[in-house]
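Below is one structure, written out as structure tokens; comments come after it.
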Amino acid sequence: QVQLVQSGAEVKEPGASVKVSCKASGYSFSDYYVHWVRQAPGQGLEWMGWINPKSGDTDYAKNFQGRFTMTRDTSISTAYMELTSLTSDDMALYYCTRGSGLTSMKQPNNYWGQGTLVTVSS
Amino acid sequence: DIQMTQSPSSLSASVGDRVTITCRAGQGINNYLAWYQQKPGQAPKLLIYAASTLQSGVPSRFSGSGSGTDFTLTINYLQPEDVSTYYCQQYERAPRTFGRGTKVEIK
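Protein sequence lines correspond, in order, to chains A and B. The numbering of the first sequence is my numbering, which starts it at 81 and goes up by one. The numbering of the second sequence is my numbering, which starts it at 2 and goes up by one.
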């Protein structure tokens, strides 16, 4: 069955960087876009961007251009997101989620990781 | 960016009631509209996609309708386990914008 397993919670100081991993299993990792979604405490869902695991191409939401980077390692079916220059506004749950197939019709985000809590505190 | 306007932001209904949540897109999205359910402490779960297609395993009391820019999620015979926050999302183009969510509670 399709699974996305994310790395554990992180505590970072302001100004630091954080890198979260998302390991996929149960399907061909390179054949589906991986998206990242953020949820601040008590708030709604905010789409951050997607990565094409086959080509490495990315698309970032405007709010996340500059400090946010998505990468992948196809040899271990894992996607990564890195956020730099952390502030208290970046405290949130970060989810990876599977999107459309590279060659299929548009698909919703039907598989989600368990979320990774990033805490920013001095 | 396509703005998604979801209403109401919260509602309280009795067990067995019919509940309706609406979502309006800022422009046409070719019915690439999904509804998600999120329970506290859990990741979102896909309920409906393509505006009206029920995801496998989702109870049939959930239904979606609409086209163009106006969409609706209906829960027939509200159950205690339906207490959640519900989000609409357009996936016609990036950024895949979400509505701000509707928190559903039991009276």
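Every residue, glycine too, gets a C-beta built ideally from N, C-alpha and C. Every value quoted in this text rests on a predicted model; they were computed, and no experiment measured them.
Original post:
If you draw a straight line from the alpha carbon of N190/A to that of S202/A, how long is it in whole angstroms?
Top reply: For this step, residue 190/A is matched to residue 110 along the first sequence. For this step, residue 202/A is matched to residue 122 along the first sequence. Going by C-alpha positions, N190/A is about 36 Å away from S202/A.
Original post:
Any idea what DSSP makes of I3/B, helix, strand or coil?
Top reply: Numbered from 1 along the second sequence, position 2 holds the residue referred to as residue 3/B. Looking at I3/B - three-state DSSP - the assignment turns out to be coil, as it is neither helix nor strand.
**OP:** Please confirm if R45/B has its CB atom under 7 Å from at least one CB of chain A.
**Re:** Position 44 of the second sequence holds residue 45/B. Reading off the sequence shown, one finds Pro at residue 45/B, where the question assumed Arg. P45/B counts as touching chain A.
Original post:
How big is the Cα-Cα spacing for I49/B and S64/B?
Top reply: Locating residue 49/B in the second sequence gives position 48, counting from the first residue. Locating residue 64/B in the second sequence gives position 63, counting from the first residue. Each residue's Cα considered, the two are about 7 Å apart.
Original post:
So, using beta-carbon positions, are G129/A and A120/A closer together than 7 Å?
Top reply: Within the first sequence, residue 129/A is the residue found at index 49, counting from 1. Within the first sequence, residue 120/A is the residue found at index 40, counting from 1. Contact annotation: G129/A and A120/A have beta-carbon atoms that are not nearer than 7 Å.
**OP:** Quick one: which unbroken beta strand (DSSP E) runs of 3-plus residues sit fully inside the segment 8 to 61 of chain B? Chain order, please.
**Re:** DSSP assignment within the segment 8 to 61 of chain B yields the following whole beta strand (DSSP E) runs of 3 residues or more, N-terminal first: 11 to 14, 20 to 26, 34 to 39, 46 to 50.
Original post:
Less than 7 Å separating the beta-carbons of L197/A and A89/A?
Top reply: Looking up residue 197/A in the first sequence gives position 117. Looking up residue 89/A in the first sequence gives position 9. Cβ atoms of L197/A and A89/A: closer than 7 Å.
Original post:
Are S180/A and Y113/A closer than 7 Å when you measure CB to CB?
Top reply: The sequence position of residue 180/A within the first sequence is 100, counting from 1. The sequence position of residue 113/A within the first sequence is 33, counting from 1. Cβ distance < 7 Å, so S180/A and Y113/A count as in contact.
Original post:
Between which two residues does the beta strand (DSSP E) carrying Q119/A extend?
Top reply: Taking the first sequence and counting its residues from 1, the one referred to as residue 119/A is at position 39. That run of the beta strand (DSSP E) goes 112 to 119.
Subject >> R97/B versus W127/A - alpha carbon distance >> reply: For the purposes of this step, residue 97/B is taken as residue 96 along the second sequence, with counting starting at 1. For the purposes of this step, residue 127/A is taken as residue 47 along the first sequence, with counting starting at 1. Their Cα atoms are separated by approximately 6 Å.
Subject >> Proximal residues, the segment 80 to 101 of chain B versus chain A, C-beta separation under 9 Å >> reply: Across the segment 80 to 101 of chain B, CB contacts with chain A closer than 9 Å involve T86, Y88, Q90, Y92, E93, R94, A95, P96, R97, T98, F99, G100, R101, in sequence order along the chain.
Subject >> Per DSSP, the bridge partner or partners of T111/B >> reply: Outside the shown range of chain B, which is 2 to 108, sits residue 111/B, and nothing can be said about it.
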